[in-house]
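Beneath this line is the structure, given in structure tokens, with notes to follow.
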Amino acid sequence: MIIVLFLLIELQKCNKEINHENRSVDNPHTAILYGNSTLGYYYMNIYVGENMTKHSVIVDTGSQTTTIKCDQCHQCGQHENPPYQFNQNNYNSTDLRIDFNCSSFQNNRCNFASYYVEGSSIGGFYFKDKVLIGDGLIQLDDQYVKQESFESILGCTQFETGQLYNQLADGIFGLAPISNNSQFPPNLIDYIAKKDKAFSIKRGFSICLNDDYGYISVGGYDQLRLDPDFKINKIKFKPSQQYQVNLTKIAFGDQIFTIDDSINTQGQGIFIDSGATISYMDQKIYNQLVQSIKDHFEINQIPIKSLIQQQVCFEFIQNISNSDYYQYFPIMKFVFDDDIEINWKPQEYLNIQNKQVCIGVDKLSDRVILGQNWMRKKDILFDLDQQEISIVSANCTLDYFKLQVINTSDNQTDKQNQQVLQNIRLPSVLKSNIKERDDENKDQDNEIVKKVNEDISKQDVVKNEEDEHSWLEIFFYIFIVVITLKGLIFLGLYIMKRLGGNFYTYQQKHERFQKLNNQIHIDDEDEKDSREHKIELVIQQSDIIA
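In structure tokens form, the structure reads like this:
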């Protein structure tokens, strides 16, 4: 019985491992990010409602709320996915108030409105429904949905303006640090941390952006995707509606300039924001950067044709290939509190087109925003409980993801991408030849999709080998148990034969005695019958004589 129980336990362990390897995603809280600098944002897929309808939401650390386009939208653009079908009969304001003490209830609804730096805005009302994040629902799996979905408050968008009206994605994935108060409801990170509290899931998330695509991990780092020798740089952020950090210095090669604290005391501060396509700097810091770049070229005697200070763009006198431009630009260093240095490589901060090279930085009044181009090739963990940002250098590739990346290249998608590109806040020189850049990016997208599919094929081979290994373990355990049971049976028979010999002899003798006794009894009965028969014959003869 003990051996059989042991076998069942081991089989159950193997079964769990096999089920885990066959799940739709590697980690239930790690999801693919789609997008690039041309599109102007990175987005992920979520699934909402009983029917688990798909919605694409922009990953934005500067927004508090996750919102999606609803069928009740009065002013919304054409987006990638159909709108969410809001059902008034299933709406329960009391259920909403349990999680969110909304301060702006009107007509039994809690309304919201959000406004963005570039002029976009959205508005609508909050509702509560079932949510599943990531692409775990490529094929409907009731067990997976039941295990990984959770109830969450979302924003039902009723109007959009500006870039949000024209964008391909149909919502925003709000990841700002301030949530769960009278002004903002709990966000999806809050709900996931609450749901998986027993598994020690952190109230936080990490974002890793590549030139194309990336991934987000809710609950902490996905350490399987980090370099074994990774080094973590930690920066504290201030509790506010965005991730505000304290930047002390910027170095452009050997040119170093300090950041005046007035940006924090008199301005609005310095922020890390995944919703910004490029990075922005206050006028004073911007001018210092331009001067540092100019000094760098003069000191190193690098010949340039022109320097356009308004856009920080350059044109080299000699003909240089795009790949060679990077060697003329140094790594920029950003120094934060406690002398924490974060590198910004020229491959990330440069935009190159038609022999013109531009720094991916623009002016913005009274604040500094470190946007997507600053965040690329870094796995950045936002720990909401510790109010800490951890940064690790990473390539942010989609290696080992089991999900296919679908290349949407229909005419409607291309048209929407072009509309979005025209609205991105980039130096104007980069907007001059949109068609040429679109053609280049189509080729790049095809190469990326090809690489992703190759990675998927490799991962499928690895998965099959792991599954085969798991089944071999099961057969091995069965073989061991069968051999053990046979051995125990033979051992038991041998012991019983050795210790129970007298018993078997007695049994044999008893059986022989019983047979002999039965035979004697039969013989006695036969003899008795014979005597009785003889007596009857004598009596009959006597009667005849008489």
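With mature numbering (1 follows the signal peptide of the UniProt record, and there is no 0) applied, the sequence shown corresponds to residues -16 to -1, 1 to 530, in that order. For glycine and all other residues, C-beta sits at the position ideal for the given N, C-alpha and C.
Using the C-alpha atoms, what's the distance from residue j back to residue i?
i	j	result
ILE185	ALA177	6 Å
GLU457	THR468	17 Å
ALA160	GLY253	15 Å
ILE286	ARG351	31 Å
GLU64	ILE240	45 Å
ILE473	ILE462	17 Å
CYS297	SER276	14 Å
THR51	ASN29	12 Å
GLN226	ARG187	16 Å
ILE262	ILE326	17 Å
TYR25	THR78	36 Å
SER88	GLN167	8 Å
residue 542	GLN302	The structure shown does not extend to residue 542, since the chain is modelled only from -16 to 530, so the question has no answer here.
ILE16	GLY471	53 Å
CYS86	ASN357	36 Å
SER307	SER246	38 Å
SER416	VAL341	The predicted position of SER416 is uncertain, since its pLDDT is 24 and thus under 50; no value can be drawn from it.
Taking the alpha carbon of residue i as the point to measure from, which residue in the options has its own alpha carbon closest?
i	options	result
GLY107	CYS140, VAL129, PHE89 and SER87	CYS140
ASP257	VAL466, MET359, GLN90 and LEU368	MET359
GLU132	PHE109, TRP328, VAL202 and VAL376	VAL202
ILE156	PHE241, PHE84, TYR333 and LEU138	LEU138
GLN147	SER305, GLU325 and CYS60	CYS60
ASP322	ASP279, ASN230 and ASP195	ASN230
LYS222	TYR25, GLN72 and GLN371	GLN371
ALA378	ASP213, TYR128, PHE281 and ASN20	ASP213
ASN165	ASP83, ILE262 and PHE300	ASP83
ILE269	TYR27, ILE479 and ASP244	ASP244
VAL345	ILE191, GLU282, ASP266 and SER305	ASP266
CYS380	PHE366, LYS361, ASP174 and SER349	LYS361
LYS218	SER98, PHE366, THR249 and ILE173	PHE366
LEU348	ASN271, LYS339, GLN340 and LEU208	ASN271
ILE109	LYS130, VAL115 and CYS57	According to the sequence shown, residue 109 is Phe rather than Ile. Closest by alpha carbon: CYS57.
Can you tell me which residues form a DSSP beta bridge with residue i?
i	result
SER377	LYS362
ARG209	None, per the DSSP bridge assignment.
VAL202	PHE189
TYR333	Paired residue(s): none; TYR333 is not in a bridge.
ARG93	GLN90
VAL115	VAL32 and PHE134
LEU17	GLY198
ASN217	ILE375
ASP346	TYR264
ARG351	GLY253
ILE156	ILE42 and THR51
GLY139	THR51 and TYR110
GLN59	PHE143
TYR26	GLY19
VAL465	Answer is none; VAL465 lacks a bridge partner.
TYR68	CYS54
SER98	ILE106
Where does residue i sit, in a helix, a strand or coil, going by DSSP?
i	result
GLU299	strand
VAL129	helix
TYR110	strand
HIS39	strand
THR249	helix
GLN167	coil
PRO223	coil
TYR75	coil
GLN370	coil
THR232	strand
GLU325	strand
SER104	coil
GLU282	helix
LYS339	coil
THR145	strand
ASP444	Low confidence applies here, because ASP444 scores a pLDDT of 46, under 50, leaving its location unreliable; read the following figure in that light. If DSSP states are grouped into helix, strand and coil, ASP444 belongs with the helices.
GLY259	coil
ILE304	coil
PHE318	strand
GLN356	helix
GLN151	coil
PHE313	coil
Using a Cβ-Cβ distance cut-off of 8 Å, determine whether residue i contacts chain C.
i	result
ILE117	Of the chains in the structure shown, none is chain C; there is only one protein chain.
Write down the C-beta distance between residue i and residue j rounded to the nearest angstrom, noting that I regard them as a contact closer than 8 Å.
i	j	result
GLY259	THR22	That pair is no contact at about 16 Å.
TYR68	GLY118	That pair is no contact at about 18 Å.
LEU273	TYR310	18 Å between Cβ atoms; not a contact.
LEU210	VAL376	6 Å
HIS280	PRO314	7 Å
ILE234	ILE364	Rounded, the Cβ-Cβ distance is 18 Å, inconsistent with contact.
ILE162	GLN48	6 Å
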